[in-house]
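Engineer: Got a structure for you, questions after.
There are 2 protein chains.
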Amino acid sequence: MPRPANPETRSRLLDKGGNLISTRGFNATGVQEITSVAGVPKGSFYNYFESKEAFAVEVLTEYWDSVVATYGPILADHNMAPLARIARYFASLAEFHERRGYAVGCLIGNMALEVTPSSEHVRITLAAIYRQWMASLTECLREAQAQGELPAGKDPGQIAVALIDAFEGAVTRAKVERNRSPFDSFEGFVLPALVT
Amino acid sequence: MPRPANPETRSRLLDKGGNLISTRGFNATGVQEITSVAGVPKGSFYNYFESKEAFAVEVLTEYWDSVVATYGPILADHNMAPLARIARYFASLAEFHERRGYAVGCLIGNMALEVTPSSEHVRITLAAIYRQWMASLTECLREAQAQGELPAGKDPGQIAVALIDAFEGAVTRAKVERNRSPFDSFEGFVLPALVT
């Protein structure tokens, strides 16, 4: 693979093409459409990415990095009690989905369901993302435990994965319902039930 | 649309083509591949289905009908206490996913994430399936409440959707992890936490 001539083109491919993959799905999006929406010649795609699969891995990684950059600080905000941070964190993610009309969903769940059967590279990337997601929530839940907000007998790691699974299921149902009722259920019932 | 000449062909298209859609996804599966795997000429597809979207709605409906027929009776088995039925029900669904190596996932979640952005028909079908799923669990949880297994102040409908979302999230993560740890989390921690 030749050295990319233009980092700006690469970035535009990831941005515009990533939007297409997020909204329409990986399999429904061709390389031709990715280059077309980014306004670059089709052949140049392979100057920047080995394959559509490699492109998907980068899109996924950028998506996760942006989630971490945007919402991660909420979990580390020591001006709030740890459990309030967790509630604010998921409420902010729900607002993110609300702004997109609930139709796009979460790229992590989308790719988990659509792309893992055909791409081991995407599957392994997703497994690493789940581990990081779990670790960041676990750390905040440990603080909650240290401060007596969470009972001592509880397992923060167990709660963290349970929250992630329940939230991803809510995102899935929100794509069907096209309203925030799945997030109301998560915030009003599931989250409190899992941390008490 | 002409009257289907051969119900057996129709059924084979749904069966074999439905497997393709379940394992590879809706967008990755073409009509050509569906007719090819069913061993019928491509043109005949449209004698049976108006479009690939209409085909997907029927595949989804058949999938749900088979889930109801296979696992629904567990929820109505009066030889077991209601909460034990709920636990057995989800454990049996987890075994179903285990038999498929966790790679296929649940067609409800798969289609929710992949197809709802492009198909209002699939989205409405899924919304109806979610309602039926919720109703069947709610009924069993009401029995649990009537028998004193579930506290009187709990809302069975709220618990039902929470269980569905958490389970679908576990199915999603199982496609990534390719093992039953997400179901262990659901059965060992989430389910008990939501019904107590």
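If you read the protein sequences in the order shown, they are chains F and Z.
Each residue of the first sequence is one higher than the last, beginning at 1 in this note's numbering.
Each residue of the second sequence is one higher than the last, beginning at 1 in this note's numbering.
Backbone N, C-alpha and C define an ideal beta-carbon position, used for all residues, glycine too.
Let me know if Arg131 (chain F) comes out buried or exposed under the rule of 16 or more other beta-carbons within 10 Å of its beta-carbon.
Structural biologist: Taking the first residue of the first sequence as position 1, residue 131 (chain F) is located at position 131. So Arg131 (chain F) ends up on the exposed side.
Engineer: Taking Phe183 (chain F) as the reference, which of F:Ile74, F:Ala87, F:Gly18 and F:Leu13 has the closest Cα?
Structural biologist: On the first sequence, position 183 is the one that residue 183 (chain F) refers to. When only C-alpha atoms are compared, the closest one is F:Ala87.
Engineer: Using DSSP with H/G/I as helix, E/B as strand and the rest coil, what is Thr116 (chain Z)?
Structural biologist: As a first step, residue 116 (chain Z) must be located in the second sequence, where it is residue number 116. In the structure shown, Thr116 (chain Z) sits in coil (DSSP, three-state: anything other than H, G, I, E or B).
Engineer: Inspect the beta-carbon positions of Ala170 (chain F) and Lys175 (chain Z) and report whether they are closer than 8 angstroms.
Structural biologist: Position 170 of the first sequence, counted from the start, is the residue given in the question as residue 170 (chain F). Position 175 of the second sequence, counted from the start, is the residue given in the question as residue 175 (chain Z). Cβ distance not < 8 angstroms, so Ala170 (chain F) and Lys175 (chain Z) don't count as in contact.
Engineer: What residue range is occupied by the uninterrupted alpha helix (DSSP H) comprising His97 (chain F)?
Structural biologist: Taking the first sequence and counting its residues from 1, one reaches residue 97 (chain F) at position 97. Pro82 to Arg99 is the extent of the alpha helix (DSSP H) around His97 (chain F).
Engineer: Can you give, in chain order, each stretch of the beta strand (DSSP E) that sits fully within the segment 134-186 of chain Z and has at least 3 residues?
Structural biologist: Listed in chain order, nothing qualifies, since the segment 134-186 of chain Z has no complete beta strand (DSSP E) run of 3 or more residues.
Engineer: Go ahead and pull the three-state DSSP assignment for Glu33 (chain Z).
Structural biologist: Along the second sequence, read from residue 1 onward, the residue named residue 33 (chain Z) stands at position 33. Helix, per DSSP.
Engineer: Whose CA, out of Z:Ala146, Z:Ile159 and Z:Leu60, lies closest to the CA of Leu14 (chain Z)?
Structural biologist: The residue labelled residue 14 (chain Z) in the question sits at position 14 within the second sequence. The shortest Cα separation from Leu14 (chain Z) among Z:Ala146, Z:Ile159 and Z:Leu60 belongs to Z:Leu60.
Engineer: Measure from the C-beta of Pro117 (chain Z) to each C-beta in chain F and report whether the shortest distance is under 8 angstroms.
Structural biologist: Reading the second sequence from its first residue, position 117 is the one you call residue 117 (chain Z). Yes, its Cβ sits closer than 8 angstroms to a Cβ of chain F.
Engineer: By the 10 Å Cβ neighbour count, where 16 or more other Cβ atoms means buried, how is Pro117 (chain F) classified, buried or exposed?
Structural biologist: The residue given as residue 117 (chain F) occupies position 117 in the first sequence. Label assigned to Pro117 (chain F): buried.
Engineer: Using 8 angstroms as the threshold, is the segment 34-50 of chain Z in touch with the segment 71-83 of chain Z, meaning 3 or more CB pairs across them?
Structural biologist: The segment 34-50 of chain Z, when compared against the segment 71-83 of chain Z, does not touch it at the 8 angstroms Cβ threshold.
Engineer: Please identify the residue among Z:Ile108, Z:Phe45 and Z:Phe55 whose C-alpha is closest to the C-alpha of Ser66 (chain Z).
Structural biologist: Position 66 of the second sequence, counting from 1, holds the residue named residue 66 (chain Z). Checking every option, the nearest Cα to that of Ser66 (chain Z) belongs to Z:Ile108.
Engineer: With respect to the alpha helix (DSSP H) encompassing Ser11 (chain Z), which residues constitute its N-terminal and C-terminal limits?
Structural biologist: Working through the second sequence from its first residue, we reach residue 11 (chain Z) at position 11. Per DSSP, Ser11 (chain Z) belongs to the alpha helix (DSSP H) from Pro7 to Arg12.
Engineer: Can you pull the chain F residues whose beta carbon is under 8 angstroms from the beta carbon of Pro182 (chain Z), in chain order?
Structural biologist: Locating residue 182 (chain Z) in the second sequence gives position 182, counting from the first residue. Neighbours of Pro182 (chain Z) on chain F, chain order: Val161 and Asp165.
Engineer: Kindly indicate the opening and closing residues of the alpha helix (DSSP H) around Asn47 (chain F).
Structural biologist: Along the first sequence, one-based indexing puts residue 47 (chain F) at 47. From DSSP, the alpha helix (DSSP H) with Asn47 (chain F) extends over Phe45 to Tyr48.
Engineer: Starting from Ala193 (chain Z), find everything on chain F with Cβ-Cβ shorter than 7 angstroms and list it in chain order.
Structural biologist: Looking up residue 193 (chain Z) in the second sequence gives position 193. Residues of chain F passing the Cβ test: Ala193 and Leu194.
Engineer: Applying a beta-carbon distance threshold of less than 7 angstroms, which residues of chain Z neighbour Lys175 (chain F)?
Structural biologist: The sequence position of residue 175 (chain F) within the first sequence is 175, counting from 1. Neighbours of Lys175 (chain F) on chain Z, chain order: Ala112, Leu113 and Thr116.
Engineer: Does the beta-carbon of Ser92 (chain Z) have 16 or more other beta-carbons within 10 angstroms, so that it is buried, or is it exposed?
Structural biologist: Walking along the second sequence from the start, residue 92 (chain Z) turns up at place 92. Exposed.
Engineer: What's the gap between the Cα of Ser119 (chain F) and the Cα of Gly18 (chain Z)?
Structural biologist: One-based indexing of the first sequence puts residue 119 (chain F) at position 119. One-based indexing of the second sequence puts residue 18 (chain Z) at position 18. Rounded to whole angstroms, Ser119 (chain F) to Gly18 (chain Z) spans 21 angstroms at the Cα level.
Engineer: Mind pulling the chain Z residues with CB within less than 8 angstroms of Tyr130 (chain F)?
Structural biologist: The sequence position of residue 130 (chain F) within the first sequence is 130, counting from 1. Chain Z residues near Tyr130 (chain F): Arg173, Val176 and Glu177.
Engineer: Please work out which residues of its chain come closer than 6 angstroms, Cβ to Cβ, to Phe26 (chain Z), disregarding the five sequence neighbours upstream and downstream, and give them in chain order.
Structural biologist: Reading the second sequence from its first residue, position 26 is the one you call residue 26 (chain Z). Closer than 6 angstroms at Cβ, skipping near neighbours: Ala56, Glu114 and Val115.
Engineer: Between which two residues does the alpha helix (DSSP H) harbouring Lys42 (chain Z) extend?
Structural biologist: For this step, residue 42 (chain Z) is matched to residue 42 along the second sequence. Segment: none, Lys42 (chain Z) is in no alpha helix (DSSP H) and carries neither H nor E.
Engineer: Buried or exposed: Ile129 (chain Z), going by 16 or more other Cβ atoms within 10 Å of its Cβ?
Structural biologist: Taking the first residue of the second sequence as 1, we reach residue 129 (chain Z) at position 129. Flag for Ile129 (chain Z) reads buried.
Engineer: Does any residue of chain Z have a CB that is nearer than 8 angstroms to the CB of Asn27 (chain F)?
Structural biologist: Working through the first sequence from its first residue, we reach residue 27 (chain F) at position 27. True, the Cβ-Cβ gap to chain Z drops below 8 angstroms.
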